[in-house]
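**Q** If you scroll down you'll find the structure; I have some questions about it.
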Amino acid sequence: MGFKKKQMLGFGLILLFLAILLSFMMFTLNNLKSSMTEIVENRYEKVQTSMEIRQLFSRSDREILFAANDANTEERAESLEIINENHSLIESKIAGLSSSLNKGKAKQLLKEFETQYASYSITEAEIIQKIKSGNSSDNLSSLMDDQREKRTKVISTMDEFKDYQEGVMKDTLSNSKQTYEDMIGFVIFAVILSILVISVTVVWMIRSTSKDLQSITKVIKNIDFKNLSVIPRIPVRTTDEIGDIARSFNDMAESLEIYNQKEKDFTEKISEQNWIQTRVADIATMYQRIVDVEVLADRFITRLAPMMGASLGAFYVKRGEGVDMRFVKLASFAGDGEDTGRREFRLGEGLIGQCALEKKSKVIEDIPGDFHLVTTGLGEVNPKSIVIAPVVFEDEVVAMVELASLEAFTKLQKTFLNQVLDTLGITINNVEGRMEIERLLKESQAQTEELQAQSEELQSQSEEMQAQSEELQTQAEELRMINEQLEERNRETEEKSKELQVAKLNLEKQAEELKLSSKYKSEFMANMSHELRTPLNSILILSEMLSDPNDSKLNEEQLEFARVINSSGQDLLTLINDILDLSKVEVGKLEVVFDEMNLSELPELLHRNFDHVAKKKNIDFIIEKSKNVPDIFFTDEQRFQQILKNLLSNAFKFTEKGSVSVQIKKADEENVAQWIQTKGASNWVEIKVTDTGIGISKEKQKLIFEAFQQGDGATMRKYGGTGLGLSICREFSKLLGGWVIVDSEEGQGSTFTFFIPSMPEGFKYVDEAIAASPEVAAANHDDSAAPFGDQGEPDAVMMDEEDRDKAKPFCNKTVLVVDDDHRNIFALKNALKHEGMEILTAENGYECLELLEKGNDIDVILMDIMMPGMDGYETMTRIREQSKFEDLPIIALTAKAMKGDREKCLKAGASDYVSKPLKLDQLLSVLRVWLTN
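Quick note, the numbering used here runs 1038 ahead of the 1-based positions in the sequence shown.
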């Protein structure tokens, strides 16, 4: 029986038993379904209906009692209406039960209930009629007694009907349980029987096929997968599917043997080809830097003979032309001195001469016994094979090679020799050409040196004679002039000495005046910064609060007014910063810090800060960066970015359509040298900012770099601005060792070119200027620290808006605001109240200490620095002296912002430092950090 038939028979028996089992289970389940349907859909429904009838009957009875005894006219009418409705429902439900009953006793009980209910209904109707006639309860007493008696019978009959239906349900449920138990027993028996039948069938199928499969497995296990040249075969005993597997395996084994043999042949060919190519490349590498034919011949025969397996070899090179042409031995391998082969031969002389004449190779296998012997340390041996091969270049034999071996040369070695000799002719020709050129060069150099020596000898003789003549003439003249000069210099020295003394005194006086003036100017700038920023702080905070559309109660026009006030305040702050920058540059007190920066990030930085401007004005913004621009660059990154910001801001401001482009490339030092000294820089970068704006006339291109200057009055009125941007660019570029130039035509746009050097060591004069100015005013040190980002970033990390909304750290927190300026107190008080904080205020340090002593539960202090009486430094020091306030957060606020104020504030006891004018988000971020910590 075939494997397929066995499988079909086995699985057929299994399916048969499964079908029988399934049929019985379906029959049993149908019986269970019928029983459950009888319980749920029939009996339960009848019990439910009888309960509903009883409920309606009871309600009607209550309504009659109420109408007869306690109800007024309106309530009585409503009760009678309910009784009529219930009567109709009871009759409809009795009719429904009558149609669905299938048991004799159930029908008898229902008939009895109908009779009793009809009698009850008659009595009920009489009671209702008397109630409608207005009879009192006393007149109805006999009817009510009769009604109660009939009601008892009706309820008793209905209970008996319900109990009968519930009994039928219990009997049906008991029968269902018995059916279910019988089904479980049969299923268990059928499953056991099926398992036995299926097990017997499976064992029979396995035993009938395992024998053939074992024979196949045994053959497969005996296969040597490392050697597939001979694969064992499976004996074919059956004609079924297993027999087909055996035949297919035998066919596959035969194919694998054929493929394995082809693979071996291919691998052998590849190995031979690799062997040839490797040795050809080795010899070709040897040719390099050889400039002498004899060296070439010696190295070639020494390298070739071992590769060919030769024990003896000779190399001949052609010498002469025509009748004088001959081949001379230049090198040999394993030869016995001069006796190894002929020293020379001509065309046609001997076998080697004949091969040279015919330009063909020859292999000699039958070597005569008296041929030249191969010499070893132990004796002499006759060679078994000799090969003679010509070296041809441009169809002319230029050399001959002869090799002898103790074994016959293989086909692979002959192929290798032919490939080597194909390139040897070119190499010999090149080496001979180089030798001829070297010989001619040496002859030319010798002749040149000889002529040069003769020329120099003649020239030196002529110069000596002329020098002697001139020397005699000049000596006399020099003596006379020296005397006159000495007398004149003595007089000048005396006069200059007097002038220098006077100048020294004047310079010392001017230096003292300049030093005093610089000190006054620095202090004036710092005070002006404080006086200007203090009111500006209130303006910016209040206008920012008013312009918030989510929190403001102003209308749209008033919101716009607030935004204009805030924008104007920001412009005023920028103007203050620009003026202070120029002032510090002018007195040589602007701090410049040369450090490493990454130029590869510059294009992304510019796009991030100006793409929105370009999009708003609907103009193109293009940035190009050359690949040769170094990534690492040494300069003051803050001032560098400020220059680019000012240049791009100007370009966008004066461009209405077209484009603004930035080109970054490595600058040519010779080109830069025409504008500025290039000494000391490791490399230069050139940045061009080009726009298609209004342009600048030639006569005004120098004027625009002066402070408070623009092209003309009309430009300033149309485009706004202070005229400080380009002046700051020019001054900052000078501080960084660079320069800014402009190329523009009116109406054609402008190109500003910024040259800047990379200065790893910085500028010596810049360092000296900083070291000599410890009192430098840093009025905008914090405000301009990040020209392309948020200015005045605090030490604390800013939280994003979502976290801020979730955290709500300000509710029920108490802040003490210490400031002598009522405007600042008003602005801060309103801003912080808006965040849910409790506000306490003090106008100086004394009031602050008094509030703390009173035991107020204060969570954070905002401390102004410049206050009358006791300033912020002393106040913070006194607070920190008290151990109970060691961890109380104190945030220093100041508008003066002198250099070193941050360190001074932290040393005095401040937890953090924020400069005025305050940014509300910045202040809230700092407060959030300290309050959550």
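Ideal Cβ positions, reconstructed from N, Cα and C, are used throughout, including at glycine. Keep in mind the model is a prediction, meaning the values are calculated, not measured.
1. Measure the CB-CB distance between residue 1913 and residue 1886 and report whether it falls below 8 Å.
2. Below 8 Å on the Cβ atoms is my contact criterion, and I expect residue 1012 with residue 1770 to pass it. Report the Cβ-Cβ distance as a whole number of Å.
3. Contact defined as beta carbons within less than 8 Å: I believe residue 1847 pairs with residue 1969. What is the distance between those atoms, to the nearest angstrom?
4. Once the 5 residues before and after residue 1743 are set aside, which same chain residues still bring their CB inside 7 Å of it?
5. Identify which residue in 1730, 1219 and 1312 has its Cα closest to the Cα of residue 1066.
6. How big is the Cα-Cα spacing for residue 1689 and residue 1779?
7. Determine the extent of the alpha helix (DSSP H) in which residue 1873 is found, giving its start and end residues.
8. Going along the chain, which residues of its own chain have a beta-carbon closer than 6 Å to the beta-carbon of residue 1577, five neighbours each way excluded?
9. Is the segment 1649 to 1661 touching the segment 1678 to 1685, taking contact as three or more C-beta pairs under 8 Å?
10. Inspect the beta-carbon positions of residue 1671 and residue 1796 and report whether they are closer than 8 Å.
11. So the alpha helix (DSSP H) residue 1344 belongs to, where does it begin and stop?
12. Would you mind sorting residue 1511 into buried or exposed? The rule is 16 or more other CB atoms within 10 Å of its CB.
13. By a C-beta neighbour count over all protein chains shown, 10 Å radius and 16 as the cutoff for buried, is residue 986 buried or exposed?
14. Using DSSP's beta-bridge definition, name the partner residues of residue 1880.
15. Helix, strand or coil for residue 1525? Go by DSSP, reduced to three states.
16. When the Cα of residue 1164 is compared with those of 1148, 1185 and 1910, which residue comes out closest?
17. Among all the DSSP beta bridges, which residues are the ones paired with residue 1721?
18. Quick test of the definition: if touching needs 3 or more C-beta pairs under 8 Å, does the segment 1437 to 1447 touch the segment 1344 to 1360?
19. Below 8 Å on the Cβ atoms is my guess for residue 1871 versus residue 1855; work out the distance and round it to an integer in Å.
20. Less than 6 Å between C-beta atoms, sequence neighbours within five positions excluded: which residues of the same chain meet that for residue 1315?
21. Can you tell which of 1254, 1487 and 1610 has its C-alpha closest to the C-alpha of residue 1955?
22. Taking 8 Å as the threshold (beta carbon to beta carbon), is residue 1318 in contact with chain B?
23. Is the CB-CB distance between residue 1727 and residue 1704 below 8 Å?
24. Distance check for residue 1774 and residue 1901, CA to CA, integer angstroms please.
25. Would you decide whether residue 1026 is buried or exposed? Buried here means 16 or more other CB atoms lie within 10 Å of its CB.
26. Per DSSP, what are the beta-bridge partners of residue 1951 in this structure?
27. Cα separation between residue 1369 and residue 1299?
28. Going by DSSP, name the residue or residues bridged to residue 1354.
29. In whole angstroms, what is the alpha-carbon distance linking residue 1965 and residue 1898?
30. Roughly how many whole angstroms lie between the Cα atoms of residue 1052 and residue 1216?
31. Identify whether residue 1505 lies in helix, strand or coil by the three-state DSSP scheme.
32. Under 8 Å, do residue 1266 and residue 1292 count as touching if we go by C-beta distance?
33. Who pairs with residue 1427 in a beta bridge, going by DSSP?
34. Taking residue 1339 as the reference, give the member of 1290, 1305, 1427 and 1304 with the closest Cα.
35. Output the boundary residues of the beta strand (DSSP E) element that contains residue 1636.
36. Any contact of the segment 1114 to 1128 with the segment 1180 to 1194, i.e. 3+ C-beta pairs under 8 Å?
**A** According to the structure shown:
1. For residue 1913 and residue 1886, yes; Cβs fall inside 8 Å.
2. Since the first residue of the chain shown is 1039 and the last is 1971, residue 1012 is not available in this structure.
3. Taking C-beta atoms under 8 Å as the contact rule, residue 1847 and residue 1969 qualify, at a distance of about 5 Å.
4. Taking residue 1743 as the centre and dropping the five residues before and after it, the same chain places the C-beta of 1764, 1765 and 1768 closer than 7 Å to its C-beta, in chain order.
5. Looking at 1730, 1219 and 1312, the one whose alpha-carbon comes closest to that of residue 1066 is 1219.
6. Between the C-alpha atoms of residue 1689 and residue 1779 there is a straight-line separation of about 14 Å.
7. Premise fails: residue 1873 is in no alpha helix (DSSP H) and is neither H nor E.
8. Around residue 1577: 1607.
9. Contact fails: fewer than three Cβ-Cβ distances are below 8 Å.
10. Going by C-beta atoms, residue 1671 is nearer than 8 Å to residue 1796.
11. Per DSSP, residue 1344 belongs to the alpha helix (DSSP H) from 1331 to 1346.
12. By the neighbour-count rule (16 or more Cβ atoms within 10 Å), residue 1511 is not buried but exposed.
13. As displayed, the chain neither begins before 1039 nor continues past 1971, which places residue 986 out of reach and without an answer.
14. According to DSSP, which records beta bridges pairwise, residue 1880 is partnered with 1856.
15. Helix at residue 1525.
16. Residue 1185 is the option with its Cα nearest to residue 1164.
17. In the DSSP output, where bridge partners are listed per residue, residue 1721 has 1796.
18. Cβ pair count under 8 Å is three or more, so yes.
19. Actually they are not in contact, since the Cβ atoms of residue 1871 and residue 1855 sit about 11 Å apart, beyond 8 Å.
20. Closer than 6 Å at Cβ, skipping near neighbours: no residue.
21. Looking at the Cα atoms, 1610 is the closest of the given residues.
22. Going by chain labels, chain B is absent from the structure shown, which holds only one protein chain.
23. For residue 1727 and residue 1704, no; Cβs fall outside 8 Å.
24. Cα to Cα, residue 1901 sits roughly 37 Å from residue 1774.
25. Outside the shown range of the chain, which is 1039 to 1971, sits residue 1026, and nothing can be said about it.
26. Residue 1951 is bridged to 1930.
27. So the alpha carbons of these two residues sit roughly 44 Å apart.
28. Partner(s): 1367 and 1438.
29. Cα-Cα distance, rounded: 8 Å.
30. If I take the Cα positions, the gap works out to 30 Å.
31. Three-state result, residue 1505: helix.
32. Going by C-beta atoms, residue 1266 is not nearer than 8 Å to residue 1292.
33. For residue 1427, which the question treats as bridged, DSSP gives the partners 1439.
34. The shortest Cα separation from residue 1339 among 1290, 1305, 1427 and 1304 belongs to 1427.
35. Per DSSP, the unbroken beta strand (DSSP E) holding residue 1636 starts and ends at 1633 to 1636.
36. The segment 1114 to 1128, when compared against the segment 1180 to 1194, does not touch it at the 8 Å Cβ threshold.
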